[in-house]
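A.B. asks: Take the sequence shown: its letter number 38 is residue 37 in numbering that gives the first Met the number 0, and every next letter is one higher.
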Amino acid sequence: MIFFRKYNKHHSSSQQHNHNIHQKLIGSELMANIAEIQSIFGDTPDLIVRNFVLKQTQRQAALIYLSGITDSQTIFNHVLKPLLFENGKDNSETDLKVSLGHIKETNTWQQIESAILNGECVLFVDKRTEALIYDTALFPKRSIEESPIESSLYGAHVGFTETVGDNVALIRNQIHNRELKIKEITVGERGKSKLSIMYLADVANQEVLKELEERIQRIDVDSVINAGALAEFIEDNPYSPFPQLLLTERPDFAASEILQGRIVTVVDRSPSVIISPATFDSFFKTIDDYSTRWMVATFLRLLRYFGFFIAIFLPAIYIAVISFHVDIIPLKLLLSLGESRERIPFPPYIEAFIMEITLEMLREAGIRLPAKIGQTVGIVGGIVIGQAAVEAGIVSNIMVIVVALTAIASFIIPNYEMGSAIRIVRFPMMIIASFFGFVGITVGLMILLAHFITLESLGTPYGSPIAPLRFQDWKDVFIRLPQWSIEKRPLSARAIQMKKANSNRPEGEKK
Numbered sequence: 000m001i002f003f004r005k006y007n008k009h010h011s012s013s014q015q016h017n018h019n020i021h022q023k024l025i026g027s028e029l030m031a032n033i034a035e036i037q038s039i040f041g042d043t044p045d046l047i048v049r050n051f052v053l054k055q056t057q058r059q060a061a062l063i064y065l066s067g068i069t070d071s072q073t074i075f076n077h078v079l080k081p082l083l084f085e086n087g088k089d090n091s092e093t094d095l096k097v098s099l100g101h102i103k104e105t106n107t108w109q110q111i112e113s114a115i116l117n118g119e120c121v122l123f124v125d126k127r128t129e130a131l132i133y134d135t136a137l138f139p140k141r142s143i144e145e146s147p148i149e150s151s152l153y154g155a156h157v158g159f160t161e162t163v164g165d166n167v168a169l170i171r172n173q174i175h176n177r178e179l180k181i182k183e184i185t186v187g188e189r190g191k192s193k194l195s196i197m198y199l200a201d202v203a204n205q206e207v208l209k210e211l212e213e214r215i216q217r218i219d220v221d222s223v224i225n226a227g228a229l230a231e232f233i234e235d236n237p238y239s240p241f242p243q244l245l246l247t248e249r250p251d252f253a254a255s256e257i258l259q260g261r262i263v264t265v266v267d268r269s270p271s272v273i274i275s276p277a278t279f280d281s282f283f284k285t286i287d288d289y290s291t292r293w294m295v296a297t298f299l300r301l302l303r304y305f306g307f308f309i310a311i312f313l314p315a316i317y318i319a320v321i322s323f324h325v326d327i328i329p330l331k332l333l334l335s336l337g338e339s340r341e342r343i344p345f346p347p348y349i350e351a352f353i354m355e356i357t358l359e360m361l362r363e364a365g366i367r368l369p370a371k372i373g374q375t376v377g378i379v380g381g382i383v384i385g386q387a388a389v390e391a392g393i394v395s396n397i398m399v400i401v402v403a404l405t406a407i408a409s410f411i412i413p414n415y416e417m418g419s420a421i422r423i424v425r426f427p428m429m430i431i432a433s434f435f436g437f438v439g440i441t442v443g444l445m446i447l448l449a450h451f452i453t454l455e456s457l458g459t460p461y462g463s464p465i466a467p468l469r470f471q472d473w474k475d476v477f478i479r480l481p482q483w484s485i486e487k488r489p490l491s492a493r494a495i496q497m498k499k500a501n502s503n504r505p506e507g508e509k510k
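(1) In chain order, what residues of the same chain lie with their CB nearer than 7 Å to the CB of S98, ignoring the 5 residues before and after it?
(2) Using the C-alpha atoms, what's the distance from H450 back to F323?
(3) Where do the ends of the alpha helix (DSSP H) carrying R300 lie?
(4) So, helix, strand or coil for D89, using DSSP?
(5) Going by DSSP in three states, M497 sits in which element: helix, strand or coil?
(6) Between which residues of its own chain and D89 is the CB-CB distance below 7 Å, once the five residues before and five after are set aside?
(7) Check the C-beta distance from V424 over to P314 and give it rounded, since I have them as a contact under 8 Å.
(8) Helix, strand or coil for I262? Go by DSSP, reduced to three states.
(9) Do the segment 120-129 and the segment 59-68 touch if we need at least three Cβ pairs shorter than 8 Å?
(10) Write down the C-beta distance between M428 and F312 rounded to the nearest angstrom, noting that I regard them as a contact closer than 8 Å.
(11) Report the CB separation of T160 from P270 in whole angstroms; it is logged as a contact under 8 Å.
(12) Closest by CA to G164, which one among S142, H156, R49, R488?
(13) Should T285 be listed as close to the ligand ATP, given that the test is whether its C-beta is under 6 Å from any heavy atom?
(14) Measuring CB to CB, does D251 end up less than 7 Å from A155?
(15) If we count the other Cβ atoms within 10 Å of its Cβ and call it buried at 16 or more, is R217 buried or exposed?
(16) Output the distance between the C-alpha atoms of R340 and V394, rounded to the nearest integer angstrom.
(17) Among F470, V207, F477, V295, which has the Cα closest to the Cα of V263?
(18) Could you check the C-alpha separation between G385 and V399 for me, to the nearest Å?
(19) Would you kindly work out how many angstroms separate the C-alpha atoms of I495 and T285, rounded to a whole number?
(20) DSSP three-state call for F437: helix, strand or coil?
(21) Which one of L245, F84, S151, L29 has the shortest CA to CA distance from K126?
(22) Quick one, which of S27, F437, R362 has its alpha-carbon nearest D326's?
(23) Taking E455 as the reference, give the member of E210, I257, E486, I39 with the closest Cα.
(24) Please report the distance separating the alpha-carbon of G462 from that of K180.
(25) Ordered along the chain, which non-local residues of its own chain (more than five positions away) have a Cβ less than 6 Å from that of V223?
(26) Going along the chain, which unbroken runs of the beta strand (DSSP E) with 3 or more residues stay wholly within the segment 36-60?
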């Protein structure tokens, strides 16, 4: 108890000390300012303090920055070189010109600390009570590459990176329009994350935008590491297994959703962006759907919805049929099932759980291991374990087939988060089927549908355009009609300007 009191007292005094430092103004003595900086950034070996004399005023100055996140070439060529070797128009201290576009002036320690941590360099001049901040940030980053989890057949082979500026530029490259607006918000107390909210000002709903901003501004946390962490803070129902905000690593897909009237949130240090509001059908669409012929895209989309039901209900149906409803199985198939299960010592639900848990472990192992090893583990492990389990009499041949079909069905879901939700929901369905058979599956389906109806995404019904029914949007839900026939934006996007295309399709000369 005494320890906690001491800790809380120390923690409170530390917060008070930081608060006092942030409220203090810088002094006019250069050495005192350098000492203050060194006390703020104690035990920081990459803090560089460069002392020199200004050429034009002959005053002592110090340039301070963090070496790992600044551009040393920019600092030397565009900051130090002009200050050391060039004269200004006069010898006044208001004429400290450098060849950089972004220059700020401040007199508070809070802004100076924030600037240094953001990769900028700060210039202190003796006898001057303001510091100059130069934009010299250069954080380590990787090159722009294709997304490893959202492959593309016909779309652009470009994915987002971990730099917010690059990601904003990639979206701007898709939408060359002055109505594309950006609002910047900073989140986090210790590790500040820069967010950029992108939308079309004449299309996006301002109420949805305001709701999104308010939820983000209410976040009180040390740091937001990535887009998935931010989505967890702002989603409507955090206890639902189903994602209510759409994450993507594809700039072309993000741009297409902005054109639909939705809002994209770009998170610094994250290769994913958040699309909101999202509906259930959003997780079954890909950008390739709009790059192929509409009949092919419709077939693939229907296949995904069919895979959704197979992935959730097939193991449960197997358990229900074997445990309660054997009489609905044709005689020849029943004899084959009986022969397959005659050596199995476990009831169907135990057999199903063994195989499903084994499948999930193999899948997770394949993801976490390096790519080449992961593929080998997934394929060889599945074949070897499945065959060995059948020969040992632990599971039946039909159970291996059911598990394989379930896995394939879950793999065709294009969104990873929705696929993960399906994996979770599958197990409660198996449990309820083992107790009540088809009656339990029916009740589980009704609970699932009721849950979809009650869910919302930033105030937008999650089940739209099915619940509530909006037939206008059905042109691009289960089927994908020709693009020239889809004249309006979806109602689920809550856009204020609905028209997006003209149905007058140009045709060739008829003979």
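Backbone N, C-alpha and C define an ideal beta-carbon position, used for all residues, glycine too.
C.D. replies: For this structure:
(1) As a position in the sequence shown, residue 98 is number 99, starting the count at 1. These residues qualify, in order along the chain: H77, P81.
(2) Indexing the sequence shown from 1 puts residue 323 at position 324. Indexing the sequence shown from 1 puts residue 450 at position 451. Rounded to the nearest angstrom, the two C-alpha atoms are 27 Å apart.
(3) For the purposes of this step, residue 300 is taken as the residue at position 301 of the sequence shown. According to the DSSP assignment, R300 belongs to the alpha helix (DSSP H) that extends over 293-322.
(4) To locate residue 89, count along the sequence shown from 1; it is residue 90. Residue placement at D89 cannot be trusted, given a pLDDT of 49 that sits under 50; what the coordinates show is reported in the next sentence. Three-state DSSP puts D89 in coil, outside helix and strand.
(5) Counting from one through the sequence shown, the residue named residue 497 turns up at place 498. DSSP places M497 in coil when its eight states are reduced to three.
(6) Start at 1 with the first residue of the sequence shown, and residue 89 comes out as number 90. Because the pLDDT of D89 is 49, which lies under 50, any placement of that residue in the model is unreliable, and the number read from its coordinates should be weighed accordingly. Result list for D89: empty, nothing under 7 Å.
(7) On the sequence shown, position 425 is the one that residue 424 refers to. On the sequence shown, position 315 is the one that residue 314 refers to. With a Cβ gap of about 11 Å, V424 and P314 do not count as contacting.
(8) Here residue 262 is taken as the residue at index 263 of the sequence shown, counted from 1. Three-state result, I262: strand.
(9) yes
(10) Residue 428 sits at position 429 when you count from the first residue of the sequence shown. Residue 312 sits at position 313 when you count from the first residue of the sequence shown. 6 Å between Cβ atoms; contact.
(11) Within the sequence shown, the letter at position 161 stands for residue 160. Within the sequence shown, the letter at position 271 stands for residue 270. Indeed they touch by this definition, with Cβ atoms about 6 Å apart.
(12) Position 165 of the sequence shown holds residue 164. That would be S142, whose Cα lies nearest to the Cα of G164.
(13) You won't find the ligand ATP in this model; it holds no ligand whatsoever.
(14) For this step, residue 251 is matched to residue 252 along the sequence shown. For this step, residue 155 is matched to residue 156 along the sequence shown. In this structure, A155 lies closer than 7 Å to D251 by Cβ.
(15) In the sequence shown, counting from the first residue as 1, residue 217 sits at position 218. So R217 ends up on the exposed side.
(16) Numbered from its first residue, the sequence shown carries residue 340 at position 341. Numbered from its first residue, the sequence shown carries residue 394 at position 395. For R340 and V394, the distance between alpha carbons rounds to 8 Å.
(17) One-based indexing of the sequence shown puts residue 263 at position 264. Selected option, being the one with the closest Cα: V207.
(18) To locate residue 385, count along the sequence shown from 1; it is residue 386. To locate residue 399, count along the sequence shown from 1; it is residue 400. For G385 and V399, the distance between alpha carbons rounds to 7 Å.
(19) Counted from its first residue, the sequence shown places residue 495 at position 496. Counted from its first residue, the sequence shown places residue 285 at position 286. The straight-line gap separating the alpha-carbon atoms of I495 and T285 is approximately 24 Å.
(20) For the purposes of this step, residue 437 is identified with residue 438 of the sequence shown, where counting begins at 1. It is helical.
(21) As a position in the sequence shown, residue 126 is number 127, starting the count at 1. Ranking the options by Cα distance to K126, first place goes to L29.
(22) On the sequence shown, residue 326 is found 327 positions in, with the first residue counted as 1. It is F437 whose Cα lies nearest to the Cα of D326.
(23) Counted from its first residue, the sequence shown places residue 455 at position 456. Checking every option, the nearest Cα to that of E455 belongs to E210.
(24) As a first step, residue 462 must be located in the sequence shown, where it is residue number 463. As a first step, residue 180 must be located in the sequence shown, where it is residue number 181. Cα to Cα, G462 sits roughly 29 Å from K180.
(25) Here residue 223 corresponds to residue number 224 of the sequence shown, with the count starting at 1. Excluding sequence neighbours, V223 sits near V186, G187, S192, L229.
(26) Counting whole runs of 3 or more residues, the segment 36-60 contains the beta strand (DSSP E) stretches 46-52.
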